[in-house]
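>
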Amino acid sequence: MDTIIKTENLGKKYKEKYALQGANLEIEKGEIFGIVGPNGAGKSTLLKLLSGITLPSEGRIELFGSDNLEKERKRMSSIVENPTLFKDMSAKDNLEYFRIQRGITDKSKIDDLLNVVGLGDVGRKPVKKFSVGMKQRLAIALSLLSNPEILILDEPTSGIDPKGIVEIRKLLQRINKEREVTILISSHILSEVENLANKIAIIAEGKIKEVISIEELNEDTGEYLIIKTSDNKKAAVVLEGALGIKKYEAKEKGQLFIYERADEVEAIVKALVDAGLGIREVTKKHQKLEEFYIETVERKGA
Ligand code: ADP
Numbered sequence: 100m101d102t103i104i105k106t107e108n109l110g111k112k113y114k115e116k117y118a119l120q121g122a123n124l125e126i127e128k129g130e131i132f133g134i135v136g137p138n139g140a141g142k143s144t145l146l147k148l149l150s151g152i153t154l155p156s157e158g159r160i161e162l163f164g165s166d167n168l169e170k171e172r173k174r175m176s177s178i179v180e181n182p183t184l185f186k187d188m189s190a191k192d193n194l195e196y197f198r199i200q201r202g203i204t205d206k207s208k209i210d211d212l213l214n215v216v217g218l219g220d221v222g223r224k225p226v227k228k229f230s231v232g233m234k235q236r237l238a239i240a241l242s243l244l245s246n247p248e249i250l251i252l253d254e255p256t257s258g259i260d261p262k263g264i265v266e267i268r269k270l271l272q273r274i275n276k277e278r279e280v281t282i283l284i285s286s287h288i289l290s291e292v293e294n295l296a297n298k299i300a301i302i303a304e305g306k307i308k309e310v311i312s313i314e315e316l317n318e319d320t321g322e323y324l325i326i327k328t329s330d331n332k333k334a335a336v337v338l339e340g341a342l343g344i345k346k347y348e349a350k351e352k353g354q355l356f357i358y359e360r361a362d363e364v365e366a367i368v369k370a371l372v373d374a375g376l377g378i379r380e381v382t383k384k385h386q387k388l389e390e391f392y393i394e395t396v397e398r399k400g401a
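Going by this note's numbering, the first residue of the sequence shown is number 100, and it counts up by one from there.
(1) Measuring from the CB of A140, is there a heavy atom of ligand 1 at a distance below 7 Å?
(2) Can you tell which of T106, I326, A296, S177 has the C-alpha that lies nearest to the C-alpha of E348?
(3) Nearer than 7 Å: is that true of the beta carbon of T113 relative to any heavy atom of ligand 1?
(4) Between the C-alpha atoms of E171 and K111, what's the straight-line distance to the nearest angstrom?
(5) Can you have a look at E130 and say buried or exposed, based on whether 16 or more other CB atoms are within 10 angstroms of its CB?
(6) Please state whether the Cβ-Cβ distance between V135 and S286 is less than 8 Å.
(7) According to DSSP, simplified to helix, strand and coil, what is T204?
(8) Can you tell me whether T144 sits near ligand 1, meaning its C-beta is under 7 Å from at least one heavy atom of the ligand?
(9) Applying the 10 Å Cβ sphere with the 16-neighbour rule, what's the burial state of F185?
(10) How should Y392 be labelled, buried or exposed, when 16 other C-beta atoms within 10 angstroms of its C-beta is the threshold for buried?
(11) Here's the rule: buried if 16 or more other CB atoms are within 10 angstroms of the residue's CB, otherwise exposed. What is Q200?
(12) Using 7 Å as the cut-off, classify the Cβ of G164 as near or not near the heavy atoms of ligand 1, replying yes or no.
(13) For A118, verify whether its CB is less than 7 Å away from any heavy atom of ligand 1.
(14) Leaving out the 5 sequence neighbours to the left and right, which residues in its chain are closer than 6 Å to E309 when beta-carbon positions are compared?
(15) Return the residue from the list E365, I378, K234, I251 that minimises the CA-CA distance to K173.
(16) Just the C-alpha distance for G263 and K352, rounded to the nearest angstrom, thanks.
(17) Compute the beta-carbon to beta-carbon distance between F132 and L283, rounded to the nearest angstrom, for a pair I have assumed lies under 8 Å.
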């Protein structure tokens, strides 16, 4: 695997206080790398340093194995601060404006990108009438105009409703797979990154506390599923009867926590659907990650 982002002892001080300190990270080509931590932990600072929006107080950054950052940053796109969108213009006109401004000659890209981000049918609707999720998807389309190899997004799901969050998650997964874009994303909500990233760095109080790959976590037995169905009582009968699952608990908000066979999501969902149940939510959680996050982050009152 190629390391395409590397930081060594990277730090940023504002006055006397470190916003980020001693950050050592290696991000491989093709990864979706999640940075999770509470507000004020230093996530934006790290992403701003990588994007070149602020300069480090100490340490170094390497991109694509080089420290010619000005050159290598051309291979990167970032949405770290609120993107400039022309609110009275349509999605297409926004894309067209930035295509011309950036000297990109291929006009066919516009419709292609609108379709990629699911805005192919919004027509002339001005951006000011877009939902937060639609604006974010347009920002992602704009960031893809230059065919980046790395995409950096700071809290891309902030302020977006649950349906919109799922759309952004699927979109980022598609961009990662189909366009082979390495993605670096931050969030203060563990579950948002847990369901998207293949590697996670936990950050608190300006320090990277742990880097864990989802692969490693999957080898761990502490996985469980949270399923929400149209009828939990019936779902429990199906779990026991058709699948022989006994280790489950019905929780508040209509959620069923399933503590065994969490790797058989498809079979479980199929059995529930075959029994005529509507599935409203399926989430896989990693006990170890959750516990670790709580230990390193929340118990400190951060
Ligand atoms: P996060 O993105 O995890 O919420 P930030 O990177 O924005 O955290 O902030 C980390 C710390 O650095 C916070 O204590 C914040 O107040 C401080 N900080 C961030 N930007 C500045 C700045 N421009 N001037 C002074 N302090 C800052």
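Just so you know, even glycine gets a beta-carbon here, dropped at the ideal spot from N, CA and C.
This is what the structure holds:
(1) As a first step, residue 140 must be located in the sequence shown, where it is residue number 41. Checking every heavy atom of ligand 1 against the Cβ of A140, one is found closer than 7 Å.
(2) Numbered from its first residue, the sequence shown carries residue 348 at position 249. Cα-wise, what sits closest to E348 is I326.
(3) Residue mapping note: residue 113 aligns to position 14 of the sequence shown, counting from 1. For clarity, residue 113 is Tyr in the given sequence; the question names Thr instead. For ligand 1, at least one heavy atom lies less than 7 Å from the Cβ of Y113.
(4) One-based indexing of the sequence shown puts residue 171 at position 72. One-based indexing of the sequence shown puts residue 111 at position 12. Their Cα atoms are separated by approximately 21 Å.
(5) Translated into the one-based positions of the sequence shown, residue 130 becomes position 31. E130 comes out buried.
(6) The residue you call residue 135 lines up with position 36 of the sequence shown. The residue you call residue 286 lines up with position 187 of the sequence shown. Against a cut-off of 8 Å, the Cβ pair of S286 and V135 comes out as a contact.
(7) Looking up residue 204 in the sequence shown gives position 105. Residue state, collapsed to three classes: coil.
(8) Taking the first residue of the sequence shown as 1, we reach residue 144 at position 45. Result yes, Cβ under 7 Å from ligand 1.
(9) Here residue 185 refers to the residue found at position 86 when the sequence shown is read from its first residue. Result: exposed.
(10) Your numbering for residue 392 matches position 293 in the sequence shown. Buried: at least 16 other Cβ atoms inside 10 Å.
(11) Start at 1 with the first residue of the sequence shown, and residue 200 comes out as number 101. It is exposed - the Cβ of Q200 has fewer than 16 other Cβ atoms within 10 Å.
(12) Walking along the sequence shown from the start, residue 164 turns up at place 65. Checking every heavy atom of ligand 1 against the Cβ of G164, none is found closer than 7 Å.
(13) If you number the sequence shown from 1, residue 118 lands on position 19. Within the cutoff, so yes.
(14) Taking the first residue of the sequence shown as 1, we reach residue 309 at position 210. For E309, where only same-chain residues beyond five positions count, the Cβ hits under 6 Å are I301.
(15) Position 74 of the sequence shown, counted from the first residue, corresponds to residue 173. Answer by Cα proximity: I251.
(16) Position 164 of the sequence shown, counting from 1, holds the residue named residue 263. Position 253 of the sequence shown, counting from 1, holds the residue named residue 352. Each residue's Cα considered, the two are about 20 Å apart.
(17) If you number the sequence shown from 1, residue 132 lands on position 33. If you number the sequence shown from 1, residue 283 lands on position 184. Going by Cβ atoms, the distance from F132 to L283 rounds to 5 Å, so yes, they are a contact pair.
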